[in-house]
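For reference, the structure is listed below as structure tokens.
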Amino acid sequence: MLQQYKNILAPIDGSKVTDTVLKKAIEVAKRNDTHLDILNVLEVNQFSDTYGGAVSGDVIYKLSEDVQKRLAELKKQAEDAGLKDVSVHVRFGNPKPVIATEFPKDHHNELIMIGSTGLNALERLMVGSVATYVSRNAICDVLVVKPESK
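If you count the sequence shown from 1, position 94 lands on 94 in UniProt numbering, and the numbers rise without skipping.
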């Protein structure tokens, strides 16, 4: 029997693999005639560490505003490609548990389509890959999307 997914989650982080993840998630959502959630998780801690704890609410608000704008563009891209049921979301927190369990539990996602890497090699070494964590701990199926080769 063919697996029919009714609710797909595409977490994006603005890295190079974002466009590929979105493109493939749109294809799968169209084939399954289903809902697509596009999610960006903002990890506020990363900014307070980077900027010595001097992150104001204004900086976070501006960042959130920029992400909302980008998500609106991605939603339009999905709708222009023929999807009728697309939602965009911003969450604050650690991307690993948010993507693997919290968001899918709240939104009843049956498939997570995640990019294989968004971090550079040092960040992966220090914090571990979000994709690896999600594939091991997710409460639903996970499809890891590789960047397109040049």
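Virtual Cβ for every residue (Gly too), placed ideally from N, Cα, C.
None of these values were measured; they are calculated from a predicted model.
Nearest-angstrom beta carbon gap, residue j and residue i [assumed within contact, 8 Å]
i: L22; j: I8; result: Not confirmed; about 11 Å, so no contact.
i: K6; j: E110; result: 6 Å
i: V41; j: M113; result: In fact, because the Cβ distance is near 15 Å, the residues do not count as touching under 8 Å.
i: L39; j: H89; result: 5 Å
i: V130; j: K96; result: 6 Å
i: T20; j: E148; result: 5 Å
Residue burial classification, residue i (beta-carbon count within 10 angstroms, cutoff 16)
i: K16; result: exposed
i: A78; result: buried
i: A72; result: exposed
6 Å Cβ shell around residue i - same chain, five flanking residues per side excluded
i: D85; result: H35
i: S87; result: D37
i: H107; result: D37
i: A100; result: V134, N137, A138
i: V98; result: V41, R91
i: A81; result: I26
Cβ-based neighbour list, residue i, same chain, cut-off 7 Å, excluding 5 preceding and 5 following
i: N94; result: E43
i: T18; result: I12, G115
i: V67; result: N40, L42, V90
i: C140; result: P104, N109, E110, L111, I112
i: Q4; result: N32
Same chain, Cβ closer than 8 Å to residue i, neighbours up to 5 away in sequence not counted
i: D58; result: none
i: R70; result: G14, N40
Quick check for students: name the residue ranges of the alpha helix (DSSP H) that lie wholly in the UniProt domain "UspA" (5 to 146), counting only runs of 4 or more.
18 to 32, 44 to 50, 57 to 80, 103 to 107, 121 to 127, 130 to 137
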